[in-house]
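Asker:
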């Protein structure tokens, strides 16, 4: 199967995946623009960036593939890409005592799954340190125990793959 992912271009030219919520918003508005001739420009909700450690809103121009910071007027390229997912692709979850099982953002899932596949194939360790997108702290994943630990604290959470 395949689905669409939205990316923004960093200053170094690399493309960075938007989070799941923004992907959903972008794609919905893209479809409405293409199919129903609705406006190709919209403003995002407040987004925080770890890089600048600031929150900002952005004007998105789908027709010209641009994201412009409404405060600084800095503009970046955005891209819509079709991605293919294999049918054996699994989802990753962590357990929150108040809420229950919560699915990781897709970008985090991809990192966790990649590390898990390395471990499973004998190429990697059963523990791996991952800095999750949108987080400043490093998480240690232990695939044998089925746990993640925030390295700067003693907080652990159970994890599962399905």
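Numbering (UniProt numbering), first residue to last: 1 to 162.
From the three backbone atoms N, C-alpha and C, an ideal C-beta is built for every residue, glycine too.
For the alpha helix (DSSP H) containing residue 112, name the first residue and the last one.
Answerer: Start and end: 106-120.
Asker: So what does DSSP say about residue 37, is it helix, strand or coil?
Answerer: Note: residue 37 maps to coil in three-state DSSP.
Asker: DSSP puts residue 175 in a beta bridge; with which residues?
Answerer: Here the chain has residues from 1 to 162 only, and residue 175 is not among them.
Asker: Beta-carbon separation of residue 61 and residue 41 under 8 angstroms?
Answerer: Yes, Cβ-Cβ distance for residue 61 and residue 41 is below 8 angstroms.
Asker: What would DSSP say about residue 159, mapped onto helix, strand or coil?
Answerer: Three-state DSSP puts residue 159 in a strand.
Asker: Can you give the Cα-Cα distance for residue 143 and residue 154, rounded to whole angstroms?
Answerer: For residue 143 and residue 154, the distance between alpha carbons rounds to 17 angstroms.
Asker: Tell me the residue span of the beta strand (DSSP E) that contains residue 17.
Answerer: Where residue 17 is concerned, the enclosing beta strand (DSSP E) stretches over 15-17.
Asker: Going along the chain, which residues of its own chain have a beta-carbon closer than 8 angstroms to the beta-carbon of residue 83, five neighbours each way excluded?
Answerer: 2, 3, 4, 5.
Asker: Quick check on residue 28: does DSSP put it in helix, strand or coil?
Answerer: The answer is helix: DSSP assigns residue 28 an H, G or I state.
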